[in-house]
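Working notes, structure below.
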Amino acid sequence: MKGTRVGPLPRTIDAADFLYTPCSRPFPAQNFRSSRSLDSQVGPSSGTVRSYYSFPRDYLAQFYEGDVDPGNQALLRFYATVYLDLAGRSLLEFGGGPTIYSIITAARTAGWIHFCDYNSACLHEVDLWWRNGDDAFDWSRFIDYALQCEKDGAGSGAAGDVLQRAGLLRRRIRQISYCDILADDPLLGCSLGPYGVVANTFCLDSMIEDKAQWEGLNRKLAGLVDRKGLYVTVSLLNASHWTAGGVRYPAVTLTPGDVLDLYADLGFHVTYSEVVENLEGKIGYDGFIMVCGQR
Ligand SMILES: C[S@@+](CC[C@H](N)C(=O)[O-])C[C@H]1O[C@@H](n2cnc3c(N)ncnc32)[C@H](O)[C@@H]1O
11 MKGTRVGPLP
21 RTIDAADFLY
31 TPCSRPFPAQ
41 NFRSSRSLDS
51 QVGPSSGTVR
61 SYYSFPRDYL
71 AQFYEGDVDP
81 GNQALLRFYA
91 TVYLDLAGRS
101 LLEFGGGPTI
111 YSIITAARTA
121 GWIHFCDYNS
131 ACLHEVDLWW
141 RNGDDAFDWS
151 RFIDYALQCE
161 KDGAGSGAAG
171 DVLQRAGLLR
181 RRIRQISYCD
191 ILADDPLLGC
201 SLGPYGVVAN
211 TFCLDSMIED
221 KAQWEGLNRK
231 LAGLVDRKGL
241 YVTVSLLNAS
251 HWTAGGVRYP
261 AVTLTPGDVL
271 DLYADLGFHV
281 TYSEVVENLE
291 GKIGYDGFIM
301 VCGQR
């Protein structure tokens with residue numbers, strides 16, 4: 011089963027204009043009975059954060075357009091390492107935003123992927139890519155670099171070509187749906203879990219400032235990980251904030267020790283961790299903390 015959608019989505023990004031079925035399962039438009047707009051579905055969150063995410067194209071242009079920069083190279087190398095062999099595990103990509111770069115390598119060996127985000131416009135971007143739409147964001151450089159990383163790390167048999175990998179990733183995505191980590195049920199009734207892998211990249215650390223709250227949200231998300239499953243986090247290092255389009259957004263201030271303590275408290279043993287520093291053009295933080303742990 012592939013992800014789903016409700017008829018062709020309009021080109022303009024306006025949350026009130028387009029609707030997803032609650033769980034975005036295959037759902038032909040003519041059978042459309044119940045759907046909810048972003049505004050009627052989501053739980054509480056900061057108005058500031060919501061306003062920014064209404065413009066995912068600006069976000070994509072700022073962080074992911076053009077050549078794959080050293081920070082993104084480090085991220086792709088990290089995923090090529092920790093997703094080297096997922097042995098058919100299911101994977102939940104939580105708060106994936108308008109991006110798919112974090113699951114390029116996972117497509118090789120994951121059984122299937124559930125992609126979710128809080129924001130309708132972000133889901134629209136991913137949906138457009140999944141449909142191979144003319145206006146979809148071009149991830150080919152990222153896919154190409156991920157393939158290089160896989161080849162370097164794993165030797166023979168890992169690499170393929172960009173189009174093949176894009177096709178494989180599209181086939182692996184079983185569901186695209188809304189989520190809200192602040193809700194009692196973060197998958198809003200759409201869970202396919204427990205999951206063999208639960209991952210979040212710059213999500214839980216980039217929406218709040220309070221460390222105790224960050225720990226609580228991670229506990230909730232890690233609760234979706236299956237027995238012996240993996241919990242993967244990528245967070246900003248020593249952040250005071252982050253900026254997009256010149257606007258400041260909240261971030262929790264984290265050291266590598268904070269993240270490692272979190273994994274210990276949650277009962278995961280860390281299988282891989284890495285800190286990336288000295289990245290150019292990073293405002294409000296010093297780099298990335300990338301960690302994978304197993305239950
Ligand atoms: C900084 S972006 C990161 C997006 C992507 N993972 C990346 O690496 O670029 C943070 C994401 O968290 C999502 N988000 C904001 N509030 C959320 C909430 N309450 N629950 C789940 N996701 C949320 C936003 O919609 C956004 O896509």
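When the letters of the sequence shown are read in order and numbered with my numbering, they come out as residues 11 to 305.
By construction, the Cβ of each residue, glycine as well, lies at the ideal position given by its N, Cα and C atoms.
Quick caveat, the model's predicted, so the values are computed rather than measured.
Open item on the list: Please classify Asp306 as buried or exposed, where buried requires at least 16 other C-beta atoms within 10 Å of its C-beta.
Closed with: Any question about residue 306 goes unanswered here, given that the chain covers just 11 to 305.
TODO: Take Asp220 as the anchor and find which of Asp268, Ile123, Gly297, Ser150 has the nearest alpha-carbon.
DONE: Residue numbering aside, residue 220 sits at position 210 when the sequence shown is read from its first letter. With distances taken between Cα atoms, Asp220 lies closest to Asp268.
Open item on the list: When you compare the CB positions of Thr115 and Tyr155, do they come within less than 8 angstroms of one another, or not?
Closed with: Residue mapping note: residue 115 aligns to position 105 of the sequence shown, counting from 1. Residue mapping note: residue 155 aligns to position 145 of the sequence shown, counting from 1. No, the Cβ-Cβ distance between Thr115 and Tyr155 is not below 8 angstroms.
Open item on the list: Are the CB atoms of Thr253 and Tyr259 within a distance shorter than 8 angstroms?
Closed with: Along the sequence shown, read from residue 1 onward, the residue named residue 259 stands at position 249. Along the sequence shown, read from residue 1 onward, the residue named residue 253 stands at position 243. With respect to Thr253, Tyr259 sits close: the two C-beta atoms are nearer than 8 angstroms.
Open item on the list: With the cut-off set at 8 angstroms, would you say Gln185 and Leu202 are in Cβ contact?
Closed with: Walking along the sequence shown from the start, residue 185 turns up at place 175. Walking along the sequence shown from the start, residue 202 turns up at place 192. Yes, Cβ-Cβ distance for Gln185 and Leu202 is below 8 angstroms.
Task: Check whether Phe125 and Ile183 have beta carbons under 8 angstroms apart - done: Indexing the sequence shown from 1 puts residue 125 at position 115. Indexing the sequence shown from 1 puts residue 183 at position 173. In contact: Phe125 and Ile183 (Cβ atoms closer than 8 angstroms).
- [ ] Tell me whether Leu173 is buried or exposed, calling it buried when 16 or more other Cβ atoms sit within 10 Å of its Cβ.
- [x] Walking along the sequence shown from the start, residue 173 turns up at place 163. Exposed.
Task: Proximity test, Tyr89 beta-carbon vs ligand 1 heavy atom, cut-off 7 angstroms - done: Working through the sequence shown from its first residue, we reach residue 89 at position 79. No, Cβ of Tyr89 sits at least 7 angstroms from all heavy atoms of ligand 1.
Task: Buried versus exposed call for Pro80 [16 or more other C-beta atoms within 10 Å across all chains shown] - done: The residue you call residue 80 lines up with position 70 of the sequence shown. Pro80 comes out exposed.
Open item on the list: Any heavy atom of ligand 1 closer than 7 angstroms to the beta-carbon of Cys132?
Closed with: If you number the sequence shown from 1, residue 132 lands on position 122. Within the cutoff, so yes.
- [ ] Have a look at Glu290, Gly291, Lys292, Thr281 and flag the residue whose alpha-carbon is nearest the alpha-carbon of Tyr93.
- [x] What you label residue 93 is simply residue 83 of the sequence shown in a count that begins at 1. Answer by Cα proximity: Thr281.
Task: As assigned by DSSP and simplified to three states, the class of Arg181 - done: Numbered from 1 along the sequence shown, position 171 holds the residue referred to as residue 181. If DSSP states are grouped into helix, strand and coil, Arg181 belongs with the helices.
Open item on the list: Given 7 angstroms as the limit, tell me if Thr109 has its C-beta closer than that to any heavy atom belonging to ligand 1.
Closed with: On the sequence shown, residue 109 is found 99 positions in, with the first residue counted as 1. For ligand 1, at least one heavy atom lies less than 7 angstroms from the Cβ of Thr109.
- [ ] Rank Val242, Ile218, Val286 by C-alpha distance to the C-alpha of Thr263 and give the top, closest one.
- [x] To locate residue 263, count along the sequence shown from 1; it is residue 253. Checked all of Val242, Ile218, Val286; the closest Cα to Thr263 is Ile218.
Task: Cutoff 7 angstroms; reference Gly121; Cβ partners in own chain excluding five residues on either side - done: Working through the sequence shown from its first residue, we reach residue 121 at position 111. Gly98, Arg99, Ser100.
Open item on the list: Between which two residues does the alpha helix (DSSP H) holding Tyr282 run?
Closed with: If you number the sequence shown from 1, residue 282 lands on position 272. Note, Tyr282: premise wrong, no alpha helix (DSSP H); beta strand (DSSP E) at 279-287.
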